[in-house]
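Asks: Sequences listed follow chains A and B, in order.
With the numbering used here applied, the first sequence closes on residue 1815, and no number is skipped along the way.
With the numbering used here applied, the second sequence closes on residue 1815, and no number is skipped along the way.
There are 2 protein chains.
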Amino acid sequence: MKRIFMVTAASLMVILAACQSEPASIATPSGGSGASTGALPSDAAAVAQERGLTPDDIYAAVKTYTPSGKTDPFIMIASGGQSGQVLVIGVPSMRILKVIGVFTPESWQGYGFGGSGNKILAEGKINGKDVLWGDTHHPALSETDASYDGQFAFINDKANARVAVIDLRDFSTKQIVKNPNAINDHGGSFVTPNTEYVVEGPQYATPIGWKYAPLDQYKDQYRGLISFWSFDRTKGRIDTSKSFQIELPPYWQDLCDAGKKVSDGWVFCNSFNTELATGGVESGNPPFEAGTTKNDTDYLHIINWKKAEQVVKAGKVEQINGIAVIRLQTAIDEGLLFFSPEPKSPHGADVTPGGEFIVVGGKLDPHVTIYSFDKIQKAILAGGFSKDAYGVPVISLDKSMEAQVELGLGPLHTVYDDKGYAYTSLFLDSAVARWTLGGPYADKHPEKPWTLVQKLPVQYNIGHISAVEGDTATPGGQFVVALNKWSIDRFANIGPLMPQNFQLVDISKSGDQMKVLYDMPVGMAEPHYAQIIKAERLKPFQVYPQVGWDAETMAVDPKAITSEAQAHIERNGNKVEVFMSVIRSHYSPEQVKVKKGDHVIWHLTNLERTPDATHGFAISAYNINLSLEPGKTETVEFDADQAGTYTYYCTEFCSALHLEMIGYFLVEP
Amino acid sequence: MKRIFMVTAASLMVILAACQSEPASIATPSGGSGASTGALPSDAAAVAQERGLTPDDIYAAVKTYTPSGKTDPFIMIASGGQSGQVLVIGVPSMRILKVIGVFTPESWQGYGFGGSGNKILAEGKINGKDVLWGDTHHPALSETDASYDGQFAFINDKANARVAVIDLRDFSTKQIVKNPNAINDHGGSFVTPNTEYVVEGPQYATPIGWKYAPLDQYKDQYRGLISFWSFDRTKGRIDTSKSFQIELPPYWQDLCDAGKKVSDGWVFCNSFNTELATGGVESGNPPFEAGTTKNDTDYLHIINWKKAEQVVKAGKVEQINGIAVIRLQTAIDEGLLFFSPEPKSPHGADVTPGGEFIVVGGKLDPHVTIYSFDKIQKAILAGGFSKDAYGVPVISLDKSMEAQVELGLGPLHTVYDDKGYAYTSLFLDSAVARWTLGGPYADKHPEKPWTLVQKLPVQYNIGHISAVEGDTATPGGQFVVALNKWSIDRFANIGPLMPQNFQLVDISKSGDQMKVLYDMPVGMAEPHYAQIIKAERLKPFQVYPQVGWDAETMAVDPKAITSEAQAHIERNGNKVEVFMSVIRSHYSPEQVKVKKGDHVIWHLTNLERTPDATHGFAISAYNINLSLEPGKTETVEFDADQAGTYTYYCTEFCSALHLEMIGYFLVEP
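In structure tokens, the structure reads:
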């Protein structure tokens, strides 16, 4: 069993600088089979020739093309990065079906422009101030028995340490939770195998509650904080009163994954600044990128959340800003936290389908290091640990490691298929590595265990990687998607800000036959991770179940009107309450008259029952736009502080007389 | 020459109600040729069979599939509707390359979260208040001699009557102009053939300046207002001081198009509420949808903008809220404005490539009505007009009309190709109609002139239609895109809010051989119109031309630092000015310390010169995120009103050590 680490930081920096100035050169895909059985329709053959398509291209085209009326069998849920949103993408057609508004207002879907979305966005305020964007990184679909159940999705906001809940009955955001004790995160969202908890792992250490402390107090004051947000599935909401946090050393924890099956009850996180570097290149210190990469290893964090639950129940916590926090010393004393060395500033802690192994991508080490949960358990029982500077027990690598596989430059993140293969992204090599698992997976594939099988070039510089149900107990195989960070020359030039490039990869054949099928530009987001679920698991509404449906409470609003006959206006002093019906192709009422300064409460109900019969509602100049799907009711409340003659109208093209669907909103001075 | 109008409003309403409850039934595409020459690679044949692809599907797949590294020959610029943005889409691959932030803040591209975008968005304030969304409808690419020149794009905001300028060197918004005299629009943006003016046509009448006036004063007080925004190409900005407006009757003008070639100097707009309906269904009046559709005809507006320029020069204007306005009576007296009847609540006034004809879609009449510019000119010279209720001269239909072609139910909008064909969207029939132009186009196609050639079913209910350069003097042919409004069953179910459906249509063959090639869901926007330009006309930057480039002024900022050695912090009382360099993979400085209450001015320069070497910059909790493309400089200014320990970090994945690219922002209490 080889263990190879980079020799010196200096030579490492030289290698990285060389790698970063040019992307890895592109290997052209291997030529296709060339054999000709079956017929290409004559006009298609002419087109293929005229367009210069190779046999591989034709294969890829027929593998991904989705005819009108046929739907994608898989749905990818991808983070939007600093767009603050979540993308919904059909696979294998690689078409964006929806961008869900989460942390950033989005007016097409009426999120944050007067309707119930305003209330949800306000849940994300920080010390009373709006923060109307987010940096979403890792979506987590809800799981039952470690497989996706298609009910909810969760997503984190790295920039501000917040977590959101998305309901997959209508693919809309229902809740935002602001972490009161952390101000950034990264290792989230991830769920425990029955979605008991939504895990939010920390990243850049700060004092708890991001209180001010000068950097020379880094070792004593700065901490990491991993959060276990308790999820109430019946309510569809995180319950902060049942949630807890564990204090960690300031090691810049990175990615986390929950154990499952044999490792159910545990969570694993990697880290990359055990050096405790605090930067300051301007003062002659090594920059962060050098200071944090000095050591040969950092620490894999091994956390027993099932036991932590008991510790919380026993009251061995400190209540900090309303959350139960297990202090670091308690975590150590109660045997909740263990470390094991991991090379080298790693990225990605990814648990295999049966929970037996945890795979860590070396990032600055060319290996993946595979840890055995069984060995870790044995080591914990045996005891006799060394300790880190904070007193956390350290399980030596020879006691925890199962294997290492040398893959190439920059291994980051690993997912799995149903044939015992693992797929790791190699950022610097700009490639996807397929390699074989060992142990109980050895019989699933023809190759030897713990062996690199193929390195497929991708364009360019892949970050995360996603496989069909590939981080669950029941991976689906068939496809993997490379979430490439640089697109460079892949797409027509549209200016200095280039899209990301998702590449769909065919993994349906064993051995070294992976191939890139399709380039998908992502030009409104920077996805970091994505999960791919079988579409059949999803059971969304086609229309809201009843007329008068409140999408925030996900129930009927008893005060909503349900017919045009009920439309009316109530006046009470300077309060004007409008009850408006919405149906093709008119509003009722069509004339709303108020006086300047009136406080207006405007309720609307879309009375339609036909799928796709969505109406919009916008009021000129008042920053109001709602999206009203069939059955939905919304309420917008505002002061009529601008006198004048305004129009409200339907913003979502609904009928032949859509342009005629308007009303006058008169504000008398 | 037939002229057929719908008989009664009542029977019309019955027909419309029936049409709207079910979409038009789908005709399945005709079977393919079946002939087999040329070879389908064996594995491709197996996949095609397994996936149930027809010969037509295979043709479509090889016609649209774009292999990695090959780029789209055409670029579609589409409005985003009530997303407030503009979409950039590659054709024929039908992939979104970018969503440009225009009227709505967008954090992925750093638009509206601290950088120069904030200043541009603030130009759109209405009476001092932020309106941070828009309803974009009709993009207009800049033109030279009536062909696209690839330099600028313009877009309107229907909801608030604003126009934006997008610079195609970096596909970013540079200016927003708020129309001070109108509060909604629709017939915009359109450009005159050398982009002398960006035209913004009105829609729902209000008093000028949207002053308050009760609806019983509709006839006397309410008006339409068409705006001619003067464009200074050298500065790349609209110059409101050289712009003018023309007052129109309150007829709800709808779509406009500029004359070109033989009709250069004129603009044509249709309208749809000459009935002067004011709604009030709640009070027993006919709803707007009935009141506005009562009459058999409305008025095509024929406007001489070249002559209007002279009228403005001669000072025969009223200055209203800073804009020169030609009052309605002056427009009549000076011979700037003429009407001609158009059936029936029409939509779409679309000028043919040589400028000879104006095609109006009947909407509630099954014909397109073709007006002859030559006939209109002759009628104007001959005189002897009747007048409308406002005294505007009316050219009778028999004097202005060249032809009518019966196409089907719900003709809306027409574009053109290079073979003398016209393509009209039929909303209610859910089809694209191909028909033949006459006059100088008669020889270009094999069929008789003014004849319907093919109706191609689309899915579903097409609104606008777009053709390659199809609204210019030099259409490119090859493709048309149907901008369908309802998708219903075309895509996997992702909840009640369904995407729109763009369908790419192959028009490369003459006769009745159009076919639908590709369904493209649009799930973050509701495009209304789009233009398709040949990619070779676009000359965007790959990186900004020099380090220290200010993307707002599109020039070097002389105060921007251009090297890491120049990075520093200046303190002056409670003002802290940071000059920060940004390059892989660190910022300098990496530690910024201020006191609570300090006023912070933070300049950043991306020193990279490599294409795609973009960095982000976010400050946790402060609602700040910037996108820094190679060479770009940005400045963000704020008060450090929250004490604590914050991090700033790179939000755009830039390198292997991207996660290490951070700094600490310490705000001492």
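Here a beta-carbon is modelled for each residue, glycine too, at the ideal position from N, C-alpha and C.
In whole angstroms, what separates the C-alpha of residue 1259 of chain B from that of residue 1769 of chain B?
Replies: The residue labelled residue 1259 of chain B in the question sits at position 113 within the second sequence. The residue labelled residue 1769 of chain B in the question sits at position 623 within the second sequence. Approximately 6 Å between the Cα atoms of the pair.
Asks: Can you tell me where the beta strand (DSSP E) with residue 1785 of chain A in it begins and where it stops?
Replies: One-based indexing of the first sequence puts residue 1785 of chain A at position 639. Taken as a continuous stretch (DSSP letters only), the beta strand (DSSP E) holding residue 1785 of chain A covers 1778-1785.
Asks: My assumption, with CB atoms under 8 Å, is that residue 1558 of chain A sits in contact with residue 1575 of chain A. Please give the rounded CB distance.
Replies: Along the first sequence, one-based indexing puts residue 1558 of chain A at 412. Along the first sequence, one-based indexing puts residue 1575 of chain A at 429. Their Cβ separation, rounded to whole angstroms, is 11 Å, which puts residue 1558 of chain A and residue 1575 of chain A out of contact at 8 Å.
Asks: Take residue 1502 of chain A as the anchor and find which of A:1407, A:1787, A:1701 has the nearest alpha-carbon.
Replies: On the first sequence, residue 1502 of chain A is found 356 positions in, with the first residue counted as 1. For the residues A:1407, A:1787, A:1701, the minimum Cα distance to residue 1502 of chain A belongs to A:1407.
Asks: Would you say residue 1645 of chain A faces chain B, with C-beta separation under 7 Å as the test?
Replies: By 1-based counting over the first sequence, the position of residue 1645 of chain A is 499. Yes, residue 1645 of chain A counts as interfacial toward chain B.
Asks: Would you say the segment 1745-1763 of chain A touches the segment 1287-1304 of chain B, given that touching needs at least three Cβ pairs under 8 Å?
Replies: With the cut-off at 8 Å, the segment 1745-1763 of chain A and the segment 1287-1304 of chain B do not touch.
Asks: Who are the Cβ neighbours of residue 1390 of chain A in its own chain at under 6 Å, not counting the five residues just before and after it?
Replies: By 1-based counting over the first sequence, the position of residue 1390 of chain A is 244. Contacts found: 1374, 1458, 1470.
Asks: Between the C-alpha atoms of residue 1266 of chain B and residue 1708 of chain B, what's the straight-line distance to the nearest angstrom?
Replies: For the purposes of this step, residue 1266 of chain B is taken as the residue at position 120 of the second sequence. For the purposes of this step, residue 1708 of chain B is taken as the residue at position 562 of the second sequence. Between residue 1266 of chain B and residue 1708 of chain B, the C-alpha separation is close to 25 Å.
Asks: Between residue 1426 of chain B and chain A, is the shortest Cβ-Cβ distance under 7 Å, so that the two count as touching?
Replies: Walking along the second sequence from the start, residue 1426 of chain B turns up at place 280. Residue 1426 of chain B counts as touching chain A.
Asks: Are the segment 1611-1629 of chain A and the segment 1564-1580 of chain A touching by the rule of at least three beta carbon pairs closer than 8 Å?
Replies: Judged by Cβ distances under 8 Å, the segment 1611-1629 of chain A makes contact with the segment 1564-1580 of chain A, as three or more pairs qualify.
Asks: By the criterion of Cβ-Cβ separation under 7 Å, what are the contact partners of residue 1222 of chain B in chain A?
Replies: Here residue 1222 of chain B is taken as the residue at index 76 of the second sequence, counted from 1. Here the premise fails: no neighbours, minimum Cβ distance about 11 Å.
Asks: For residue 1711 of chain A, is the classification buried or exposed, using 16 other Cβ atoms within 10 angstroms of its Cβ as the cut-off for buried?
Replies: Position 565 of the first sequence, counted from the first residue, corresponds to residue 1711 of chain A. With fewer than 16 Cβ atoms within 10 Å of its Cβ, residue 1711 of chain A is classed as exposed.
Asks: Which runs of the alpha helix (DSSP H) at least 4 residues long sit entirely within the segment 1398-1477 of chain B? Give them in chain order.
Replies: Here the runs fully enclosed are 1434-1437, 1451-1459.
Asks: Can you pull the chain B neighbours of residue 1816 of chain A, defined as C-beta to C-beta under 8 Å?
Replies: In the structure as shown, chain A begins at 1147 and stops at 1815. Residue 1816 of chain A is therefore absent and cannot be evaluated.
Asks: Express the C-alpha separation of residue 1234 of chain B and residue 1441 of chain A in angstroms, rounding to a whole number.
Replies: Residue mapping note: residue 1441 of chain A aligns to position 295 of the first sequence, counting from 1. Residue mapping note: residue 1234 of chain B aligns to position 88 of the second sequence, counting from 1. So the alpha carbons of these two residues sit roughly 45 Å apart.
Asks: Going along chain A in order, which residues have a C-beta closer than 9 Å to the C-beta of residue 1660 of chain B?
Replies: Mapped onto the second sequence, residue 1660 of chain B falls at position 514. Near residue 1660 of chain B there are no residues of chain A at all, since even the closest Cβ is about 14 Å away, more than 9 Å.
Asks: Against residue 1636 of chain B, what residues of chain A qualify as contacts under a CB-to-CB distance less than 7 Å, listed in chain order?
Replies: As a working mapping, residue 1636 of chain B is identified with position 490 in the second sequence. Correct list: 1214, 1215.
Asks: Contact defined as beta carbons within less than 8 Å: I believe residue 1399 of chain A pairs with residue 1348 of chain A. What is the distance between those atoms, to the nearest angstrom?
Replies: Counting from one through the first sequence, the residue named residue 1399 of chain A turns up at place 253. Counting from one through the first sequence, the residue named residue 1348 of chain A turns up at place 202. At roughly 5 Å, the Cβ-Cβ gap stays under 8 Å, so residue 1399 of chain A and residue 1348 of chain A are in contact.
Asks: Below 6 Å CB to CB, which residues in the same chain sit around residue 1477 of chain B once its five sequence neighbours on both sides are set aside?
Replies: Translated into positions along the second sequence, residue 1477 of chain B becomes position 331. Answer for residue 1477 of chain B: 1392, 1483, listed in chain order.
Asks: Mind checking whether residue 1561 of chain B and residue 1528 of chain B have CB atoms under 7 Å apart?
Replies: Along the second sequence, one-based indexing puts residue 1561 of chain B at 415. Along the second sequence, one-based indexing puts residue 1528 of chain B at 382. Contact: no.
Asks: Give me, in chain order, the residues of the same chain whose beta-carbon lies closer than 7 Å to that of residue 1239 of chain A; leave out the 5 immediate sequence neighbours on both sides.
Replies: Within the first sequence, the letter at position 93 stands for residue 1239 of chain A. Cβ neighbours of residue 1239 of chain A beyond the five flanking positions: 1210, 1212, 1218.
Asks: Could you give the distance in angstroms between the alpha-carbon of residue 1624 of chain B and the alpha-carbon of residue 1327 of chain B?
Replies: Translated into the one-based positions of the second sequence, residue 1624 of chain B becomes position 478. Translated into the one-based positions of the second sequence, residue 1327 of chain B becomes position 181. Roughly 41 Å separates the two Cα atoms.
Asks: Within its chain, find whatever has a CB closer than 6 Å to the CB of residue 1323 of chain A; leave out the 5 residues flanking it on each side and keep chain order.
Replies: Stepping through the first sequence from its first residue, residue 1323 of chain A is reached at position 177. The residues are 1309, 1384.
Asks: Hey, could you find the ends of the alpha helix (DSSP H) residue 1519 of chain B is sitting in?
Replies: The count along the second sequence starts at 1 and reaches residue 1519 of chain B at position 373. Segment 1519-1528, the alpha helix (DSSP H) holding residue 1519 of chain B.
Asks: Going along chain A in order, which residues have a C-beta closer than 7 Å to the C-beta of residue 1809 of chain B?
Replies: On the second sequence, residue 1809 of chain B is found 663 positions in, with the first residue counted as 1. Result: 1425.
Asks: Note down, in chain order, each residue of its chain lying with its Cβ closer than 6 Å to the Cβ of residue 1505 of chain B, except the 5 sequence neighbours on either side.
Replies: Here residue 1505 of chain B corresponds to residue number 359 of the second sequence, with the count starting at 1. Cβ neighbours of residue 1505 of chain B beyond the five flanking positions: 1496, 1514, 1516, 1560.
Asks: If the cut is a Cβ gap below 9 Å, which residues of chain B does residue 1732 of chain A touch?
Replies: Against the first sequence, residue 1732 of chain A aligns to sequence position 586. The contacting residues are 1425, 1427, 1433, 1434, 1435, 1436.
Asks: Buried or exposed: residue 1228 of chain B, going by 16 or more other Cβ atoms within 10 Å of its Cβ?
Replies: Your numbering for residue 1228 of chain B matches position 82 in the second sequence. Under this definition residue 1228 of chain B is a buried residue.
Asks: To the nearest angstrom, how far is it from the Cα of residue 1611 of chain A to the Cα of residue 1510 of chain A?
Replies: Taking the first residue of the first sequence as position 1, residue 1611 of chain A is located at position 465. Taking the first residue of the first sequence as position 1, residue 1510 of chain A is located at position 364. If you take the alpha carbons of residue 1611 of chain A and residue 1510 of chain A, they lie about 18 Å apart.
Asks: Can you tell me whether residue 1743 of chain B is buried or exposed? The criterion is at least 16 other CB atoms within 10 Å of its CB, across all chains shown.
Replies: Numbered from its first residue, the second sequence carries residue 1743 of chain B at position 597. By the neighbour-count rule (16 or more Cβ atoms within 10 Å), residue 1743 of chain B is not buried but exposed.
Asks: Rounded C-beta distance between residue 1776 of chain B and residue 1689 of chain B? I'm assuming under 8 Å.
Replies: Along the second sequence, read from residue 1 onward, the residue named residue 1776 of chain B stands at position 630. Along the second sequence, read from residue 1 onward, the residue named residue 1689 of chain B stands at position 543. So it is a contact: roughly 4 Å between Cβ atoms.
Asks: Residue 1833 of chain A by DSSP, collapsed to three states: which one?
Replies: For chain A, the structure presents residues 1147 to 1815; residue 1833 of chain A sits outside this window and is missing.
Asks: Do residue 1424 of chain B and residue 1445 of chain B have their C-beta atoms within less than 7 Å of each other?
Replies: Residue 1424 of chain B sits at position 278 when you count from the first residue of the second sequence. Residue 1445 of chain B sits at position 299 when you count from the first residue of the second sequence. For residue 1424 of chain B and residue 1445 of chain B, no; Cβs fall outside 7 Å.
Asks: To the nearest angstrom, report how far apart residue 1543 of chain B and residue 1250 of chain A are at their CA atoms.
Replies: Counting from one through the second sequence, the residue named residue 1543 of chain B turns up at place 397. Counting from one through the first sequence, the residue named residue 1250 of chain A turns up at place 104. If I take the Cα positions, the gap works out to 51 Å.
Asks: Just to confirm, are residue 1230 of chain A and residue 1279 of chain A a CB contact at a threshold of 7 Å?
Replies: The residue labelled residue 1230 of chain A in the question sits at position 84 within the first sequence. The residue labelled residue 1279 of chain A in the question sits at position 133 within the first sequence. Result yes, Cβ atoms of residue 1230 of chain A and residue 1279 of chain A sit closer than 7 Å.
Asks: So, under 8 Å CB-CB, residue 1789 of chain A and residue 1567 of chain B are touching, yes? Tell me the CB distance rounded to an integer number of Å.
Replies: Counted from its first residue, the first sequence places residue 1789 of chain A at position 643. Counted from its first residue, the second sequence places residue 1567 of chain B at position 421. Not confirmed; about 51 Å, so no contact.
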